[in-house]
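Numbering (the numbering used here), first residue to last: 1 to 413.
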């Protein structure tokens, strides 16, 4: 089993697509961080839409954006890589431009802008993973994917901080933020396209070609829907609990969110490297156990009194973030190893569909469960996550006709 024991920055940048691509990722993340947290405020304050209409339009954009994933997968399987990444950024430029052009009160134009933004946000993860899988291999690929996530979280955090500082400017500031976001997406798209990464699966010699069908990964995809809930815990579940149960200061929610971002940025690559001594499937199952344990920790923390509850929740959130880091460092990497090269795009698209669906339904599921009490919320999430971890651990990889080279790679899956 190949393992990665050292982090070499130059090699990591090359494995991640090169310096220009790294800059493209940073600029794109910065732009997303500027707008994403305040898109709801833009709809309500700038366009004068009602909160329900704004929320429904944004949710619709995310959900309908998932519909494009099969087409993205087929495009990737024809060999496109940096072109798809650039397209996912350009479609968000269209979304921002439409947002800026939308007159006050026009909910359908806002919904269309949210749709373009949703398409870009859903297409980008699969396109990025396919590009990295083309230029990097083995455990180096895992580390490169982890580095991309750390860089993206750093950009999102920085963009969010800049946007928060600009909010005092009111409507004009929100419009300026949207314009800067559009320019950031356009710049990132140009940089990503200039990398010119393209795969040529059909050009491989017949003896080297892997003609296996696309892996079904049913248990993995179903489990990933539940795993993805952990990504919304710091933004939705914990602020909801802190506010409704203790009426705690918003400082606690902000501190938890900032701590989550800092931990992901600093630990994503080292933890992924550390876990490389184990199989990816084992690590993904372990992530589920850690996340489920954190949910049980939240259950205990919420049973404490007003004085101890908020600090206890903040402490347990660190455990949840560690589980998130382990999950993020192994899940996409496992898919890239399980899928043959000629169907990698479709496999990654299906995986992104499961992630996007989990992120789309988790707010409604979390708020509904929370209305029935802490035991219903955290107990249900813990049970579902443990069941998912068990399914991941026991799923068998079917249809494997591997060459000797592929066997060595699969040994680390």
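Beta carbons: idealized from backbone N, C-alpha and C, even for Gly.
Touch check for the region 320-331 and the region 280-297: three-plus C-beta pairs under 8 Å?
With the cut-off at 8 Å, the region 320-331 and the region 280-297 touch.
Cα-Cα separation between residue 393 and residue 83, rounded to whole angstroms:
Straight-line measurement puts the Cα of residue 83 at about 35 Å from the Cα of residue 393.
Counting Cβ pairs, one atom from each stretch, are 3 or more of them under 8 Å apart for the region 88-95 and the region 112-122?
By the Cβ rule, the region 88-95 counts as touching the region 112-122, because three or more pairs are nearer than 8 Å.
Hey, how far is the Cα of residue 208 from the Cα of residue 243?
Residue confidence for residue 208 is low, a pLDDT of 43 falling below 50, so the modelled location carries little weight and cannot support an answer.
Would you mind sorting residue 372 into buried or exposed? The rule is 16 or more other CB atoms within 10 Å of its CB.
That one is exposed.
Residue environment, residue 159, which counts as buried when at least 16 other CB atoms sit within 10 Å
Classification of residue 159: buried, given that the 10 Å Cβ count is 16 or more.
Hey, would you say residue 424 sits closer than 9 Å to residue 332, going by beta carbons?
Any answer about residue 424 is impossible in this case: the structure gives the chain only from 1 up to 413.
If you draw a straight line from the C-alpha of residue 14 to the C-alpha of residue 297, how long is it?
Whole-angstrom Cα-Cα distance: 40 Å.
Selection from 396, 38 and 385 that minimises the alpha carbon distance to residue 166:
Nearest of 396, 38 and 385 to residue 166, Cα basis: 38.
Tell me the residue span of the alpha helix (DSSP H) that contains residue 303.
Membership of residue 303 in any alpha helix (DSSP H) is not indicated, and neither H nor E is assigned to it by DSSP.
Pick helix, strand or coil for residue 339, following the three-state DSSP scheme.
Looking at residue 339 - three-state DSSP - the assignment turns out to be coil, as it is neither helix nor strand.
So, are the CB atoms of residue 135 and residue 33 less than 9 Å apart?
No. Outside cutoff.
Consult DSSP for residue 80 and reduce its assignment to one of helix, strand or coil.
Assignment of residue 80 by DSSP, reduced to helix, strand and coil, places it in the strand class.
Cα-Cα separation between residue 338 and residue 344, rounded to whole angstroms:
Answer to the nearest angstrom: the Cα atoms are 9 Å apart.
Would you report the Cα separation of residue 266 and residue 105, rounded to the nearest angstrom?
Taking the straight line joining both Cα atoms gives about 43 Å.
Less than 9 Å separating the beta-carbons of residue 363 and residue 232?
Yes.
Nearest-angstrom Cα distance between residue 391 and residue 385?
Computed Cα separation, rounded: 10 Å.
In the DSSP assignment, the alpha helix (DSSP H) including residue 157 goes from what residue to what residue?
Taken as a continuous stretch (DSSP letters only), the alpha helix (DSSP H) holding residue 157 covers 138-166.
Go through its chain and collect everything with a Cβ distance to residue 185's Cβ below 6 Å, but skip five positions before and after it.
A distance below 6 Å between beta-carbons, with the five flanking residues on each side excluded, links residue 185 to the following residues of its chain, in chain order: 31, 89, 92 and 93.
Rounded separation between residue 206 and residue 336 - CA only
Residue placement at residue 206 is poorly supported in this model, since its pLDDT is 46, which falls under 50; the coordinates are not used for a value here.
Any contact of the region 165-179 with the region 40-52, i.e. 3+ C-beta pairs under 8 Å?
Flag = yes, the region 165-179 and the region 40-52 touch.
I'd like the ranges of any alpha helix (DSSP H) spanning at least 4 consecutive residues and lying wholly in the region 54-134.
If we require 4 residues or more, the alpha helix (DSSP H) runs fully inside the region 54-134 come out as 69-77 and 82-101.
Check this for me: beta carbons of residue 126 and residue 79, under 9 Å apart or not?
No. Outside cutoff.
Would you kindly work out how many angstroms separate the C-alpha atoms of residue 24 and residue 142, rounded to a whole number?
Using only the alpha carbons, I get a separation of about 20 Å.
Taking the CB atoms as reference points, tell me whether residue 237 and residue 388 lie closer together than 9 Å.
No; because the gap between Cβ atoms is not below 9 Å, this pair is not in contact.
I'd like the list of long-range same chain contacts for residue 17, defined as Cβ closer than 7 Å, with 5 residues on each side in sequence excluded.
Answer for residue 17: 131, 132, 135, 195 and 197, listed in chain order.
Quick check on the DSSP output: the alpha helix (DSSP H) that includes residue 42 runs from which residue to which?
In the DSSP assignment, residue 42 falls outside any alpha helix (DSSP H) and carries neither an H nor an E.
Residues in the same chain with beta-carbon distance under 6 Å from residue 108, minus the five sequence neighbours each way, listed in chain order, please.
Counting only Cβ-Cβ distances below 6 Å, and skipping sequence neighbours, we find nothing.
So, under 8 Å CB-CB, residue 148 and residue 128 are touching, yes? Tell me the CB distance rounded to an integer number of Å.
About 6 Å separates the Cβ atoms of residue 148 and residue 128, confirming a contact at the 8 Å cut-off.
For the alpha helix (DSSP H) holding residue 275, just list the boundary residues, first then last.
Here the alpha helix (DSSP H) through residue 275 covers 250-275.
Is the beta carbon of residue 85 sitting closer than 9 Å to the one on residue 192?
For residue 85 and residue 192, yes; Cβs fall inside 9 Å.
Please report the Cβ distance between residue 239 and residue 253, rounded to the nearest whole angstrom; I am assuming they are in contact, meaning their Cβ atoms lie under 8 Å.
About 4 Å; that satisfies the 8 Å criterion.
Residues bridged to residue 198 [DSSP beta-bridge criterion]
Residue 198 pairs with 80.
Does DSSP put residue 357 in a helix, a strand or coil?
In the structure shown, residue 357 adopts helical secondary structure according to DSSP, grouped into three states.
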